[in-house]
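So in the UniProt record's numbering, the last one in the sequence shown is 756, and the numbering has no gaps at all. Below is one structure, written out as structure tokens; the observations come after it.
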Amino acid sequence: MDANNVEEQNGALNGKIKEHRSQPTSKVKEFFRKRWFLLFLLFLVLLVVVSIILILVFLIPYLKREVKNDFRLPSNLSPEHYFLEIQPYLDPKDLTFQGSVTITFVCLNATDKLILHASGINIHENSLKVVSSDGTCTMDVVQMVYDHENELVIFTLCQNFEVGRRYDIRMKFDRKFENFYGFFAVKYEDNGVEKYVAATKFERQFARRAFPCFDEPHFKSKFTVSIVRRKKYVSLSNMPLLETLKRDDEWEVDKFQTSVVMSTYLVAFSIGEFKSVENGKVAVWYLRNNSDIEFILNTAHAMLNYFERYLHSRYTLPKLDHVLLPKYSSLGMENWGLVMYNEPLFARLPTNREKAKLISHETVHQWFGNLVTPKWWDDLWLNEGFARYFGSFAVHAIHPEWRTEEQFTYLSNQIMNTDCASPERSIILSVNEQSDFSKPIYLVYSKGGLMVRMVHLLLGDEAFKKGLMSYLSENAYKNVDQDELWKRLTLAQTEKPPLNLKKMMKPWMSQAGYPIITAIRNYEKNTLKISQKSCFSYENKSSEELWNVPITLMHGSRPVINLKVTKWLTKRQDVLNDLPDNRNWTLLNVQQLGYFRVNYDENNWKSLLWQLRHNFLKIPSLNRIQILKDAMFFADTGDISHSLALDIFSYFPFEKDVLVLNVVEYSGIGEYLQNYEMAVFKTDVEEKWKKFIRYALGPIYIRYLHNWVKGKVEEELLSSKRSYINILCMYGDQNCLNNSREAMEEIFKGNNEKEM
1 MDANNVEEQN GALNGKIKEH RSQPTSKVKE FFRKRWFLLF LLFLVLLVVV SIILILVFLI
61 PYLKREVKND FRLPSNLSPE HYFLEIQPYL DPKDLTFQGS VTITFVCLNA TDKLILHASG
121 INIHENSLKV VSSDGTCTMD VVQMVYDHEN ELVIFTLCQN FEVGRRYDIR MKFDRKFENF
181 YGFFAVKYED NGVEKYVAAT KFERQFARRA FPCFDEPHFK SKFTVSIVRR KKYVSLSNMP
241 LLETLKRDDE WEVDKFQTSV VMSTYLVAFS IGEFKSVENG KVAVWYLRNN SDIEFILNTA
301 HAMLNYFERY LHSRYTLPKL DHVLLPKYSS LGMENWGLVM YNEPLFARLP TNREKAKLIS
361 HETVHQWFGN LVTPKWWDDL WLNEGFARYF GSFAVHAIHP EWRTEEQFTY LSNQIMNTDC
421 ASPERSIILS VNEQSDFSKP IYLVYSKGGL MVRMVHLLLG DEAFKKGLMS YLSENAYKNV
481 DQDELWKRLT LAQTEKPPLN LKKMMKPWMS QAGYPIITAI RNYEKNTLKI SQKSCFSYEN
541 KSSEELWNVP ITLMHGSRPV INLKVTKWLT KRQDVLNDLP DNRNWTLLNV QQLGYFRVNY
601 DENNWKSLLW QLRHNFLKIP SLNRIQILKD AMFFADTGDI SHSLALDIFS YFPFEKDVLV
661 LNVVEYSGIG EYLQNYEMAV FKTDVEEKWK KFIRYALGPI YIRYLHNWVK GKVEEELLSS
721 KRSYINILCM YGDQNCLNNS REAMEEIFKG NNEKEM
């Protein structure tokens, strides 16, 4: 073989070797390329999955919020009658109850679902039975599921309910007693003996803790209640006792008359060792002897008669019981025919006036709330606003010497200081999910009551009363919203054209806060420029809200109380022409008819100051309160000077109306004075400030409070006593310090009943 051939062969061999070596290398590279590609794809998939999960985690709660009424019951079925039996075990080792319920309902829309409210209740699944009310059809429950978040139990049937047909669902259940909500039991002592009593508190959404039910106010129904109790107990419910049957040697069954149609939150029962006193339809039930029993009985009887006369509407139940309980979650509860009170809290109310207002409040609920009920809790103010207002109005009619109708304006003084705390709060509630039940509702009571008062004063008593009579008679045993109230009150007016109350009241009901009215006089043209802004403007919050503000006027040249509206301020500003007198003071918001503050130009403030110093009786008591509280407020905001506000307050030593004297307690003036003290603390004007306070409040103390150690205080000033003592003693008033020293000596001697 020659050299050339060898070289060719070697070259070919080397080529094959290179080719052979290159093949796995390229395959490996291809393999890794594919692997990285797959890993990249896998990463993308994981990224998408994680993104979807994160989106769902953060979005689902918001989606749920957008699904309105997901905690509300569907309207496919409507209850008509409950047959409820409850058996409580008031044993400290076994505080439980058991029961059974049969609910008769009608089908409005075909469905195979029956959804009820139930919270913490153990339903005995083997006791479930669904039959047509005529007994011709039995339906199997194929599934029972609890929705604990929304406090629901969902029954799925083997077939649809037929539209227009009535059915019964029957079940047994048991549960532990609740703590003050739902059906609860509490321990108390009677002459050293430990005992138990059971009672209910179902408003707003707690009937579901006692028995499965359609627990929404518009699902009104009749109730036939039976209570199985040990023989030593007495049981009470909304209706009178029909009969008592023996169950065995230890237990008896109290069967009560069937009720009128009503909402579940008004169903009530109580079991304990009760005693009673009666006066006609009214009875007071109590566990222990109580000094208030006779007062409650007489006041409750008087209030029931008063409201029947005023509203021209008979109380529709055969009886109205008032029950005193050793513990209760609220001061009172208006259960239809079975009002319940927290006995210790009731006893601690400072005066009979306050006790009468509470009894009046719960009594008028028998019409506003019980007879006519809101469709949903958004309009709770239709219950509580009327009850809060009439609680004072009716007591004033029976005891005019207590002046409770005038004192009602204390509410505006109190809540104005907190009403602008949140721009989300209004009288109309927003109850769209379970957690909304825990939101504050104090404005529903207080501001709602002030709105009722404003409408009453605007319409006059006759038109107001006529409208309420129509509202109650046309809607008895029904559910309404606020539009129905405005409709009835608008139709009742005799003036043409009547006030369009739905339009006029809309901003007052739906907007948070209140308007600030500024009144600037043009003394040359004899005009008054009035403007409005929201109280939120002081919180650096932009607010475009407007109110329909009723402007009422009083003038120094003719200081006559006139509640006729001079002008409705419906826009940002307006002008009043031809004022009666440009040399005298002008006053807005006569008798505090409206819920707003008023600021004036400096000259008008000084004219009001002159009047207060020379003859303050020419300005009505309610407006003297208004002037004082508004002056202090505007001094705090910087709209007027502190010196002007204190000049206005300087007339106070001569004030003799206890209604006005209580302004120290109820208007925030006491708080203003203490805040001012902090501002001048350790400055060269501190001693002058203390001297001024002793000058302003000291004479009031001498006239009305100097005998407080001996328990002799004018009743109307009892609630303000502590404020006067705290302020004057802090500022070194010698009379106050001497009395306080005397009180301390009494305490050290063992007379520890003295209240400081």
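Built from N, CA and C at the ideal position, the CB exists for glycine as well.
Q) What is the DSSP secondary structure of F206, counted as helix, strand or coil? A) coil
Q. Start and end of the beta strand (DSSP E) containing D574?
A. Q573 to L576 is the extent of the beta strand (DSSP E) around D574.
Q: Within its chain, find whatever has a CB closer than 7 Å to the CB of C420; leave out the 5 residues flanking it on each side and keep chain order.
A: G513, C535, F536 and E539
**Q.** Alpha-carbon to alpha-carbon, Y286 and residue 829
**A.** Residue 829 lies beyond the residue range present for the chain, which begins at 1 and ends at 756; the question has no answer from this structure.
Q: Leaving aside the five residues before and after K503 along the sequence, list all residues of the same chain whose C-beta is less than 6 Å from its C-beta, in chain order.
A: Excluding sequence neighbours, K503 sits near nothing in its chain.
Q) Applying the criterion that 16 or more other CB atoms from any shown protein chain within 10 Å of the CB defines a buried residue, is T409 buried or exposed? A) buried
Q | Rounded straight-line distance, which links the Cα of D379 to that of L569 | A | 26 Å
Q | Cβ-Cβ separation, K571 to L546 (assumed contact under 8 Å), whole Å | A | 7 Å
(Q) In this structure, how does DSSP classify H322 when only helix, strand and coil are distinguished? (A) Under the three-state reduction of DSSP, H322 is assigned to strand.
**Q.** Under 9 Å between C-beta atoms of W336 and N479
**A.** For W336 and N479, no; Cβs fall outside 9 Å.
**Q.** Bridge-paired residues (DSSP) for I517
**A.** Q532 and V598
Q. With DSSP run on the structure shown, which of helix, strand or coil describes E149?
A. DSSP places E149 outside both helix and strand once states are collapsed to three, so it counts as coil.
Q) Cα separation between L116 and F183? A) 18 Å
Q. P699 lies in the beta strand (DSSP E); which residues open and close that run?
A. P699 -> not in any beta strand (DSSP E); alpha helix (DSSP H) instead, spanning E686 to I700.
**Q.** Cutoff 6 Å; reference V660; Cβ partners in own chain excluding five residues on either side
**A.** S621, R624 and I625
(Q) Is it the case that the segment 163–173 contacts the segment 123–132, given that we only count it when at least three CB pairs across the two stretches are under 8 Å? (A) yes
**Q.** Cβ-based neighbour list, I702, same chain, cut-off 7 Å, excluding 5 preceding and 5 following
**A.** N735
Q | Contacts around Y731, its chain only, beta-carbon distance under 7 Å, and the 5 residues preceding and following it disregarded | A | K690, I693 and R694
Q | Alpha-carbon spacing of E216 relative to C107, whole angstroms | A | Approximately 17 Å, taken between the alpha carbons.
Q: For M139, count neighbouring Cβ atoms within 10 angstroms of its own Cβ and tell me buried if that reaches 16, exposed if not.
A: The residue is buried, with at least 16 neighbouring Cβ atoms inside 10 Å.
Q) Using a C-beta cutoff of 9 Å, does N160 count as contacting chain B? A) This model lacks chain B altogether; it includes just one protein chain.
**Q.** From P497, E406 and N522, residue whose alpha carbon lies closest to that of Q592
**A.** If we check each option's Cα against that of Q592, E406 comes out closest.
Q) Where does H555 fall in DSSP's three states? A) Assigned with DSSP and collapsed to three states, H555 falls in strand.
Q. Near D436, what residues of its chain come up, given a Cβ to Cβ distance below 7 Å and the 5 sequence neighbours on each side ignored?
A. So the list reads S430, once near-sequence residues are dropped.
Q.
Helix, strand or coil for K447? Go by DSSP, reduced to three states.
A. In the three-state scheme derived from DSSP, where H, G and I count as helix and E and B as strand, K447 is classed as helix.
Q.
Just to confirm my understanding: we take F652, look at its own chain, exclude 5 residues before and 5 after, and list those with CB closer than 6 Å. What are they?
A. Closer than 6 Å at Cβ, skipping near neighbours: A696.
Q | Selection from L338, L345 and T494 that minimises the alpha carbon distance to S235 | A | L338
**Q.** Cβ shell of K375 (< 6 Å), same chain only, five flanking positions each side left out
**A.** H218, N479 and D481
Q. Y265 and E203: beta carbons closer than 9 Å?
A. The Cβ atoms of Y265 and E203 lie closer than 9 Å to each other.
Q: Would you mind sorting Q159 into buried or exposed? The rule is 16 or more other CB atoms within 10 Å of its CB.
A: The residue is exposed, with fewer than 16 neighbouring Cβ atoms inside 10 Å.
Q | Start-to-end residues for the beta strand (DSSP E) that takes in V253 | A | W251 to F256
Q | Range covered by the beta strand (DSSP E) that runs through S276 | A | K275 to N279
Q. Distance, Cα to Cα, T566 vs K319?
A. 47 Å
Q: Give a yes or no on contact between the segment 491–509 and the segment 465–472, applying the rule of three or more CB pairs nearer than 8 Å.
A: yes
Q) DSSP three-state call for V565: helix, strand or coil? A) V565 carries a coil assignment under DSSP once its states are collapsed to helix, strand and coil.
Q: Please list, in chain order, all residues of the same chain as G448 whose beta carbon is under 7 Å from its beta carbon, the five residues on each side excluded.
A: W381, E384, G385, R388 and I427
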